[in-house]
Amino acid sequence: MKDFFNTAALSDNPLSVLGDFLNNEAGNEAAGKFDEMRFVGYVLEAGYDKATIITSDPFKVAVGGVPRNSLLIMVPAILDGQLPPHFTLLRVLESAPTPLARDVQQTYFELQKKSMPELDIFTQSELQWGALKTEVLGMFYPNPDKRKEVEFSGDLNNFVSAHKYMVYAPTDPLLDLIVNCLVPTDHRFAMGKLRLTENRLPLPTKNLPNVDVNVSTDDFRGARTAMFGKTRLGKSNIVKLIAQSLIETYASENSVGQLIFDINGEYANDNPQDNNSSLKSAYSDRCTVYALTKKESTDSKQLKLNFYEQPTSAKSVIDELLGLDNITSNYVKSFMSVQLPSIVDISSMESVGDKVRAVRKIQCFWAILSEAGFDAKEEDLRIKAPSAYPNPSVRAFNPGFNEKLREAAYAESDSVPPAPTTLRGMVNEFKIINTYRHNNASSEHFNEMDADLAYLMEFLLPRSGSGPSIITSYRKYHDKQAGDFINEILGLLDKGQTVILDLGNAEPSLVTYFSDSLSKAVFNHQVDKFSNNKLGDHFVQLYFEEAHNLFPNSSKDVTTIYNRFAKEGAKYHIGMVYSTQSPTTVSKDLLAQTENFFIAHLSSRDEVEALAKLNIAYESLRADILSAKKPGYVRMLTRSHRFAIPVQAKKFEPTKSQETE
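When we follow my numbering, the leftmost residue of the sequence shown carries the number 120, and every step to the right adds one.
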């Protein structure tokens, strides 16, 4: 009667599969169906952290083999109703010596000496026994407060004599419980299949496990997720799966915007060579691509700057490219030292003198761009030009030099022309003023000239050198039709869109520029929403590849935007997914804050040791990480999982419903 009530009380608890499993084992044993049993062996030695089990060849063959890192369950030999159904989870580490190990070795030695072709039945019985060392991962038992749920603890409340336990290889239903019962049922997503070992050779009539491994997309939202492993082992495929899970889970809520820095163009564009679909083609209505170089097969917006309307950003790009080209002329270095104000900043300046100097610098920068062949929409510039002068007629293309300076500069001309009203006229004005400055450097007209303006004018018309023609090749990054893509992207993220920056074939400096500028914009945008209590349930997820370039371990500057992501991102609902080949190259601050890990093959023992020190969950998996090289085979640890799960990630592909749209 006691067993009946206990069984009835747990009939709707997931742990009821344990009762079904043990009943089936008892039935097979009673019927003599030993080949169908899942019994592996007995416990030789039990402890809080480790357990040694004894097993035999027939037991191992009957369960389809017991490879290293496989999962076993240890249950009391008799569940007499005093405790609810529960089991201890073990992970197989390696073989262990038995008390008779030396005797067995002596027997083998003698047999080999005699070259006996056959073993008698009694000798076989003696030699087929062995021992396995296992790690105690924790215990599964009914949640004391919630009858329908399972609870997991990473420790044991007690253990008794070893002979009171039996060890089994779990069936698929039990493996499903072990792998997935801790994952919330809401917002679940199948990441792949459970794969206990790289070797997939099945024993005759024995099937390999067929168990889905689920994750909760809530574990990635607003959290930090790391991908470590050698190249070509499927890290990008897993990134696509994570992005896909967030797209599908929150599509109706529009509560998660994603920004992917696609340095190889694989998330924005299909790759027929590898038969890989892109996120853009799979979810065209949910993804927007910004590309430096437009691909014919991909609908995208231009990831370009209007160098005239965004002078601060444009100047930064030019400086980066000049540095990359290693141009060392003094006048070029002086030009690179100039910091341009933004057009928006000028309006907030209180001093008219400050405004005048700021406007002139922007106008001279415009003149440089025009001389270098950057096309412009003059009417738009005329409207958007910053105003600095009391006289409203002094606008757009008039630098506003005083009349005495203009008269002196145009002294050799027949007359002093009117102030310029066109871009071309402004270019000529700056050239003439700078020519006069070359010949009259000590003139009182230049005593108070801003040094930055002098550097800009010298670059426009140097005493010797190529001047603006140096930057002509950078025109490919400019487009006069380009809008304010940063604000456009922030708006898309707020609407729950996935924005992919196709930076394939871009100069490293451009990749750095776009990564930095957009990262800062996203961070400041989220901080502003936080300060105004407008974050709500909205999150932004950022994806970075080659993370060692952005989060270097050697960096002592803890104020970079990426360090702020690592330390403060969660508070502002900013999550990150970052990937690189080795954990030791990444900032320790970021690693310490990372919640989710996907670990593929690593070939360096030092890297694996560092990983094990970083997260104890990978301590027992070091040998597996070093040896297993199958693409997509990773050891996954998320916020919902209490121990690392070996999983063969599925190949990214759009869902059937998406394919039919």
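Beta carbons are placed, not taken as given, at the ideal position from N, Cα and C, and that holds for glycine.
Following the continuous beta strand (DSSP E) through residue i, name the residue where it begins and the one where it ends.
i: residue 765; result: 764 to 768
i: residue 715; result: 715 to 718
i: residue 666; result: That residue, residue 666, is in no beta strand (DSSP E); it is neither H nor E in DSSP.
i: residue 498; result: Careful: residue 498 lies outside any beta strand (DSSP E), inside the alpha helix (DSSP H) at 497 to 503.
Determine which residues share a DSSP beta bridge with residue i and list them.
i: residue 661; result: 378, 695
i: residue 333; result: 309
i: residue 195; result: 284
i: residue 554; result: Answer is none; residue 554 lacks a bridge partner.
i: residue 739; result: Beta-bridge pairing links residue 739 to no other residue.
i: residue 272; result: 258
i: residue 395; result: 390
i: residue 211; result: 253
Spatial neighbours of residue i within its chain, please: CB distance less than 6 Å, with the 5 preceding and 5 following residues excluded, ordered by chain position.
i: residue 241; result: Note that residue 241 scores a pLDDT of 49, beneath 50, so its modelled location is shaky; the value from the coordinates is reported in the next line. Same-chain partners within the cutoff: there are none.
i: residue 268; result: 262
i: residue 108; result: The question about residue 108 has no answer, for the chain in this structure spans 120 to 780.
i: residue 730; result: 702, 737
I'd like the span of the alpha helix (DSSP H) that includes residue i, first residue to last.
i: residue 784; result: Limits of the chain in this structure are 120 at one end and 780 at the other, which puts residue 784 out of reach.
i: residue 453; result: 449 to 455
i: residue 681; result: 680 to 687
i: residue 400; result: 398 to 401
i: residue 468; result: First-last for residue 468: undefined, no H or E at that position.
i: residue 579; result: 570 to 579
i: residue 135; result: 135 to 149
i: residue 407; result: Taken as a continuous stretch (DSSP letters only), residue 407 belongs to no alpha helix (DSSP H), being part of the beta strand (DSSP E) at 406 to 410.
i: residue 724; result: 724 to 733
i: residue 525; result: 522 to 528
i: residue 367; result: 354 to 368
i: residue 709; result: 707 to 712
Only counting the same chain, and skipping five residues up and downstream in sequence, which positions put a Cβ closer than 8 Å to that of residue i?
i: residue 413; result: 419, 421
i: residue 543; result: 489
i: residue 503; result: 428, 462
i: residue 270; result: 259, 260, 261, 262, 263
i: residue 680; result: 635, 638, 639, 642
Give every residue of the same chain whose Cβ lies closer than 7 Å to the Cβ of residue i, excluding the five residues on either side of it in the sequence, and list them in chain order.
i: residue 180; result: 322
i: residue 640; result: 605, 609
i: residue 193; result: 162, 170, 206, 207, 209, 284, 286
i: residue 459; result: 430, 431, 434, 480, 481, 484
i: residue 625; result: 411
i: residue 584; result: 448, 450
i: residue 699; result: 347, 665, 666, 667, 705
i: residue 295; result: 330
Kindly indicate which three-state DSSP category residue i falls into: helix, strand or coil?
i: residue 130; result: coil
i: residue 615; result: coil
i: residue 603; result: coil
i: residue 173; result: strand
i: residue 438; result: helix
i: residue 257; result: strand
i: residue 419; result: coil
i: residue 638; result: helix
i: residue 158; result: strand
i: residue 788; result: Look at the range of the chain in this structure, 120 to 780, and you will see that residue 788 is not part of it.
i: residue 299; result: helix
i: residue 511; result: Confidence at residue 511 is low in this model, with a pLDDT of 48, below 50, so the placement of that residue should be treated as unreliable; the coordinate-derived value is given next. Residue 511 falls in the coil class under three-state DSSP.
i: residue 484; result: helix
i: residue 543; result: helix
i: residue 339; result: coil
i: residue 217; result: coil
i: residue 249; result: strand
i: residue 279; result: coil
i: residue 625; result: coil
i: residue 564; result: helix
i: residue 205; result: coil
Quiz item: Does the region 731 to 743 come within contact of the region 754 to 767, defined as at least 3 CB pairs closer than 8 Å?
Solution: yes
Practice problem: Taking 8 Å as the threshold, find out whether the region 436 to 454 comes into contact with the region 656 to 672 through three or more Cβ pairs. | Solution: no
Quiz item: Between the region 201 to 211 and the region 257 to 274, do three or more beta carbon pairs fall short of 8 Å?
Solution: yes
Practice problem: Pair every Cβ in the region 520 to 535 with every Cβ in the region 544 to 564, then say whether three or more of these pairs are closer than 8 Å. | Solution: yes
Exercise. Take every Cβ of the region 366 to 374, pair it with every Cβ of the region 679 to 694, and state whether three or more of those distances are shorter than 8 Å.
Key: no
Practice problem: Tell me, please, whether the region 328 to 335 touches the region 295 to 302 by the rule of three or more beta-carbon pairs shorter than 8 Å. | Solution: yes
Quiz item: How do the region 743 to 760 and the region 707 to 716 stand: do at least 3 beta-carbon pairs fall below 8 Å, yes or no?
Solution: yes
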